[in-house]
Amino acid sequence: MAVKTYNYTGLKCPMPVLKTKKELRNLTSGEVIEVIADDVGAKKDIPALLNKSGDELVELREDNGNLIFVIKKA
Amino acid sequence: MAEDAETINFIVKDKSFEKFAMMMILGTTGDAMDTKMNFFFTFWGLNLLKKKFKPKVAGMPTPMKGMAAKMFKKRMKKFGIEDPWAMIKDAVDNGNMKLYPCQMTMELMGIKREDLLDWVEDPVGAASFLEMSNGGRIVSL
Chain Y
167 MAVKTYNYTG LKCPMPVLKT KKELRNLTSG EVIEVIADDV GAKKDIPALL
217 NKSGDELVEL REDNGNLIFV IKKA
Chain W
6 MAEDAETINF IVKDKSFEKF AMMMILGTTG DAMDTKMNFF FTFWGLNLLK
56 KKFKPKVAGM PTPMKGMAAK MFKKRMKKFG IEDPWAMIKD AVDNGNMKLY
106 PCQMTMELMG IKREDLLDWV EDPVGAASFL EMSNGGRIVS L
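Chains Y and W, in that order, give the protein sequences.
Residue numbers for the first sequence follow my numbering, beginning at 167 and rising by one.
Residue numbers for the second sequence follow my numbering, beginning at 6 and rising by one.
Laid out in structure tokens, this is it:
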């Protein structure tokens, strides 16, 4: 199953968090999405969001200044 | 989703662009984090709830305050913040962000309910705010 990718590069706080949450609200439990952001604050902010929501950060990797989050809906 | 009943309560007492932006960013992010947030607007902060009010940048020298607000707005648009009030409205509609005008200071400053945005909460007094804040944190912006 192809994982949907959402590209939030160029966006700054709080937009990557707000947009990620908006997508998470539409998912069903167990679904996985990929989020790309280049706002340095997102490195801590998106994990903080997931920590609060209970959704799982499956993977966080960096690629050429981009942060790539793989997120699994709780 | 919200597994705890913790609320964060903010007092907004200034009408500056900076305070507006802080309110908008914290309120919408709090909504994303399923945190209940009450914002209590008093004194000059009430202006932020007025229809068509344009906040100015307090930190700039007087002749540049309005221009700076336009410049910041434009720059924030590039950051993805297209319509701050629409974002606030979403957070309010989700039930996580509540905007309360302070009744007494409205009267003190001659501000009427119909001057304010229709969809903010009805004005409340100090006791109501403290009661709804009970057990939560209160932060003055």
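All residues carry an ideal CB built from backbone N, CA and C; glycine is no exception.
Values in this document were obtained by computation on a predicted structure and should not be read as measured data.
For a test of the three-state rule: what should DSSP assign to residue i, helix, strand or coil?
i	result
LYS82 of chain W	helix
ALA106 of chain W	According to the sequence displayed, residue 106 of chain W carries Pro and not Ala. Correct three-state label for PRO106 of chain W: strand.
LYS55 of chain W	strand
ASP95 of chain W	helix
VAL62 of chain W	coil
SER133 of chain W	helix
THR12 of chain W	strand
LEU113 of chain W	helix
GLU126 of chain W	coil
LYS239 of chain Y	coil
ASP120 of chain W	helix
GLU228 of chain Y	strand
Since residue i is in the alpha helix (DSSP H), which residue starts that stretch and which ends it?
i	result
ASN217 of chain Y	208-219
ARG191 of chain Y	181-191
THR175 of chain Y	First-last for THR175 of chain Y: undefined, no H or E at that position.
Would you say residue i lies against chain W (beta-carbon separation less than 8 Å)?
i	result
LEU223 of chain Y	no
LEU184 of chain Y	yes
LYS209 of chain Y	no
LEU215 of chain Y	yes
SER195 of chain Y	no
LYS218 of chain Y	yes
LYS187 of chain Y	yes
LEU233 of chain Y	no
LYS178 of chain Y	yes
By Cβ distance below 6 Å, which residues in the same chain neighbour residue i in space, the five residues on each side in sequence not counted?
i	result
THR47 of chain W	LYS18, CYS107 and THR110
ALA7 of chain W	Because the pLDDT at ALA7 of chain W is just 41, under 50, the model does not fix this residue reliably, and the value given afterwards should be weighed accordingly. Closer than 6 Å at Cβ, skipping near neighbours: ASP39.
GLU222 of chain Y	LYS238
LEU226 of chain Y	PHE235
LEU146 of chain W	PHE15, VAL17, LYS24 and MET27
I need the boundaries of the beta strand (DSSP E) containing residue i, first residue and last residue.
i	result
ASN203 of chain Y	This sequence places Ala at residue 203 of chain Y; Asn is not what is there. Run containing ALA203 of chain Y: 198-203, per the beta strand (DSSP E) assignment.
LYS41 of chain W	41-46
ASP36 of chain W	Note, ASP36 of chain W: premise wrong, no beta strand (DSSP E); alpha helix (DSSP H) at 22-37.
LEU146 of chain W	Element bounds for LEU146 of chain W: n/a, residue is neither H nor E.
So, for residue i: in the same chain, excluding its five sequence neighbours on each side, which residues have a beta-carbon less than 7 Å away from its beta-carbon?
i	result
VAL125 of chain W	LEU54, LEU104 and PRO106
With burial defined as no fewer than 16 other Cβ atoms inside 10 Å of the residue's Cβ, what is the status of residue i: buried or exposed?
i	result
MET181 of chain Y	buried
ASN52 of chain W	buried
LEU135 of chain W	exposed
ASN230 of chain Y	exposed
LYS188 of chain Y	exposed
Are the C-beta atoms of residue i and some chain Y residue less than 8 Å apart?
i	result
PHE84 of chain W	yes
MET6 of chain W	In this prediction, MET6 of chain W has a pLDDT of 40, which is less than 50 and means its spatial position is unreliable; nothing more can be read from the coordinates.
* Would you list, in chain order, the members of the region 25-58 of chain W that have their beta-carbon closer than 7 Å to a beta-carbon of chain C? => No chain C appears in the structure shown, which is made up of the protein chains Y and W.
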